[in-house]
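J.: There's a structure below that I have some questions on.
2 protein chains.
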Amino acid sequence: MAPAVIERRALRQELTSKRVRMTAQRRLLIDIIQNAKRHLDAAALLKLARKHDPRVNRATVYRTLSLLKRLSLIDELDLMHIEGEKHYYEAKTQSDHLHLACFRCGEIIEYISPTFERLKQEIGAENGFRIAVTRLEVGGTCARCARAAAPTVP
Amino acid sequence: MAPAVIERRALRQELTSKRVRMTAQRRLLIDIIQNAKRHLDAAALLKLARKHDPRVNRATVYRTLSLLKRLSLIDELDLMHIEGEKHYYEAKTQSDHLHLACFRCGEIIEYISPTFERLKQEIGAENGFRIAVTRLEVGGTCARCARAAAPTVP
DNA sequence: ATTAATGCAAAGGATTTGCAATACC
DNA sequence: GGTATTGCAAATCCTTTGCATTAAT
Chain U
25 MAPAVIERRA
35 LRQELTSKRV
45 RMTAQRRLLI
55 DIIQNAKRHL
65 DAAALLKLAR
75 KHDPRVNRAT
85 VYRTLSLLKR
95 LSLIDELDLM
105 HIEGEKHYYE
115 AKTQSDHLHL
125 ACFRCGEIIE
135 YISPTFERLK
145 QEIGAENGFR
155 IAVTRLEVGG
165 TCARCARAAA
175 PTVP
Chain X
25 MAPAVIERRA
35 LRQELTSKRV
45 RMTAQRRLLI
55 DIIQNAKRHL
65 DAAALLKLAR
75 KHDPRVNRAT
85 VYRTLSLLKR
95 LSLIDELDLM
105 HIEGEKHYYE
115 AKTQSDHLHL
125 ACFRCGEIIE
135 YISPTFERLK
145 QEIGAENGFR
155 IAVTRLEVGG
165 TCARCARAAA
175 PTVP
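Taken in sequence, the protein lines are chains U and X. If you number the first sequence the way this note's numbering does, the last residue is 178 and the count never jumps. If you number the second sequence the way this note's numbering does, the last residue is 178 and the count never jumps.
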C-alpha cells in the first residue's frame with residue numbers, strides 16, 4: 025500500500041521568498057492546487073478557480089502553471105494519457121512518488137518506493153547525470169480490477 | 025554508459041501472427057519505426073514515410089501508431105517535453121529502458137537498469153498491480169553539460 | 001512610477017473523425 | 001465479396017500569443 029501522508033511545501037511562501045509578484049489569481053490557483061484531492065488538469069483548475077472568482081482567465085491558469093513548473097514547485101503528469109492528452113499537476117513533494125494508473129477503472133495509485141530513490145541515485149552516479157525532474161508512470165490493471173477480471177487466480 | 029545493443033522484436037511478424045491486415049502503409053511505417061536511429065514523432069514519421077510513398081496520409085500514421093500502441097508493440101515517450109508537446113515512439117524492447125533527457129543540449133540517453141527491473145517487480149508484489157506499460161523519464165543536465173557549466177566541480 | 005500580470009480573442013500545433021473510395025484476405 | 005483500411009478535409013482538443021488594460025511593489 026502507498027503511504028497516505030505526503031507532506032506538501034507551502035507554495036505561497038516559496039513564491040514570495042523568490043520575489044514573485046503575488047496576485048489574487050495566483051493565490052487562488054495555488055491554494056486550489058495545494059488542497060486538491062485529485063490530480064487536476066488545466067481545465068479542471070480553471071473551473072474550480074472560477075467558482076471563487078469568475079473572472080479568472082484560462083490564459084492565466086496556463087501561465088501560472090508554467091511559472092510553477094519553471095520554479096519546480098509543481099510536477100506535471102500525464103497519468104499514462106488515461107483520459108486524453110491533458111496534463112495533470114500536483115504540488116511537489118519532498119520525496120518523489122510514482123503513479124500507477126489503472127486502465128480499467130481509472131484509479132490512480134500513488135506510491136513511494138525506496139527502490140525508486142536508489143534508482144535515481146544510481147542514475148546520477150553511473151551517468152554523471154544531474155537529475156532535475158523525474159516522472160515514472162505505470163499503466164496496467166490494479167489489484168481490484170485484476171481480481172474481478174480473473175477470479176480464479178491461484 | 026547505456027548499453028548500445030537493445031534487441032527489437034520483428035513487428036511485422038507480430039502483426040501478421042495477430043491476424044492484423046497487412047497493408048503497404050503499415051509495412052512501410054513499421055519498417056521505419058523499427059530501423060529508426062532516433063526517436064520519431066508522428067510528423068517525422070510521416071515525412072520519412074512520404075519519401076517512399078508520397079501518398080501516405082497523416083491520419084494513417086496516427087491510426088497505425090495507435091494500433092501499435094494498443095497491441096503493445098511500441099512505447100510512447102514524451103522525452104520530458106524537451107521539444108514541445110509531441111509524442112515519440114519506439115519499438116518495444118525486451119527489457120524496458122529509461123530515458124534521460126538533457127535540458128541543455130537536448131541529448132536523450134537510453135539507460136537500462138536492473139534496479140528499475142526490481143522496482144517493477146516490487147510494484148507488482150506490493151500492490152498487486154499488473155503492469156502493462158511503464159514510462160520513466162528523467163530530465164536534468166547530462167554529464168558533459170554539467171562539466172561545461174561548472175568546471176570547478178571537486 | 002515602474003514593471004509585471006491579466007483578460008481577451010485569435011492563432012497555433014497535435015491529434016482525431018466522418019465518410020466515400022480502395023485494398024486486403 | 002465482404003470487411004477493414006485508407007485518404008481527404010474538416011473538426012476537436014489543448015495550449016500559446018499579441019496587445020491593450022489593470023494591478024503589484
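Cβ atoms here follow ideal geometry from the backbone N, Cα and C, with glycine treated the same way. Computed from a predicted model, the values in this text were never measured in an experiment.
Under 8 Å Cβ-Cβ, which residues of chain X neighbour Asp77/U?
T.: Simply none; closest approach about 28 Å.
J.: Between Ile147/X, Asn59/X, Phe140/X, which has its C-alpha nearest Ile136/U's C-alpha?
T.: When each option's Cα is compared against that of Ile136/U, the closest is Ile147/X.
J.: I'd like to know if the stretch 108 to 120 of chain U and the stretch 116 to 134 of chain X are in contact, where contact means that at least 3 CB-CB pairs between them fall below 8 Å.
T.: no
J.: Establish whether the CB of Gly130/X and some CB of chain U are separated by less than 8 Å.
T.: no
J.: Buried or exposed for Asp77/U, going by 16 or more other Cβ atoms inside 10 Å?
T.: exposed
J.: Assess, as a yes-or-no matter, whether the stretch 41 to 54 of chain X is touched by the stretch 83 to 93 of chain X under the definition of 3 or more beta carbon pairs within less than 8 Å.
T.: yes
J.: Measuring only the C-alpha atoms, how far is Leu95/U from Ile57/U?
T.: Going by the C-alpha atoms only, they are around 15 Å apart.
J.: Mind pulling the alpha helix (DSSP H) runs of 4 or more residues that sit fully within the stretch 58 to 116 of chain X?
T.: 66 to 76, 82 to 94
J.: Taking the alpha carbon of Thr165/U as the reference point, which residue from Glu38/X, Ala156/X, Arg45/X has its own alpha carbon closest?
T.: Ala156/X
J.: Using a C-beta to C-beta distance shorter than 9 Å, which residues of chain X count as neighbours of Asp102/U?
T.: Asp102, Arg159
J.: Closest to Asn151/U by C-alpha separation, out of Ile106/X, Leu124/X, Glu150/X, would be which residue?
T.: Leu124/X
J.: So what does DSSP say about Arg168/X, is it helix, strand or coil?
T.: helix
J.: Consider the Cβ of Arg142/U: report whether some Cβ of chain X lies at a distance smaller than 8 Å.
T.: Interface criterion met: the Cβ of Arg142/U is under 8 Å from a Cβ in chain X.
J.: Is DSSP giving Thr158/X helix, strand or coil here?
T.: strand
J.: Straight-line CA distance for Val162/X to Asp102/X?
T.: 10 Å
J.: Closest to Glu134/X by CA distance: which of Gln145/U, Phe153/U, Glu134/U is it?
T.: Selection Gln145/U, Phe153/U, Glu134/U evaluated against Glu134/X yields Phe153/U as nearest (Cα-Cα).
J.: Quick check on the DSSP output: the alpha helix (DSSP H) that includes Ala149/X runs from which residue to which?
T.: 138 to 151
J.: Flag Tyr86/X as yes if its beta-carbon sits less than 8 Å from any beta-carbon of chain U, otherwise no.
T.: By this cut-off, Tyr86/X is not an interface position.
J.: What in chain X is Cβ-close to Gly152/U, meaning under 7 Å?
T.: Residues of chain X passing the Cβ test: Ala167, Ala170.
J.: Here's the rule I'm using: 16 or more other beta-carbon atoms within 10 Å means buried, otherwise exposed. How should Val177/X be labelled?
T.: Residue placement at Val177/X cannot be trusted, given a pLDDT of 47 that sits under 50; what the coordinates show is reported in the next sentence. Exposed is the call here.
J.: So which residues of chain U does Thr139/X contact, with C-beta pairs closer than 7 Å?
T.: What Thr139/X touches in chain U: Thr139, Arg142, Leu143, Glu146.
J.: Since Gly163/X sits in a beta bridge, which residues does DSSP pair it with?
T.: Val157/U, Ala125/X
J.: Going by C-alpha to C-alpha distance, which of Cys126/X, Ala34/X, Leu97/X, Gly108/X sits closest to Arg168/X?
T.: Cys126/X
J.: What number of angstroms, rounded off, separates the C-alpha of Asp65/X from the C-alpha of Leu39/X?
T.: 21 Å
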